[in-house]
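Counting the sequence shown from 1 gives a position; the numbering used here is that position plus 30.
The structure appears right after this line, and notes come after that.
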Amino acid sequence: MDLVLWTVISGFLAARILYVAYDLDYFLKNPFEILAIWRGGIIFYGGLIGGVAGFLFYSSRIQFPRRETLDL
């Protein structure tokens, strides 16, 4: 469960960060819109990259067998 939590949270944060970076001019003019996730705005590949990064971080932190886990 901890692995899923790290993966999902890091994936969601990275997806939002990449969306904000993609349309940075708008978000620099409206900085409070960065937190307005109910209006949409996440990028799929940002979530994928963030999820993989969260998985790698957590699995290396607790000495988790990566290959067997990815096989699941």
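All residues carry an ideal CB built from backbone N, CA and C; glycine is no exception.
In this structure L33 touches Y88 by the C-beta definition: roughly 6 Å separates them, less than 8 Å. Runs of alpha helix (DSSP H) with 4 or more residues, each lying fully within the stretch 66-97, are found at 74-91, listed in chain order.
Per DSSP, I64 is not a residue of any alpha helix (DSSP H), being assigned neither H nor E. Rounded to whole angstroms, the gap between the alpha carbons of I64 and Y49 is 9 Å. Under the three-state reduction of DSSP output, D53 falls in the coil class, being neither helix nor strand.
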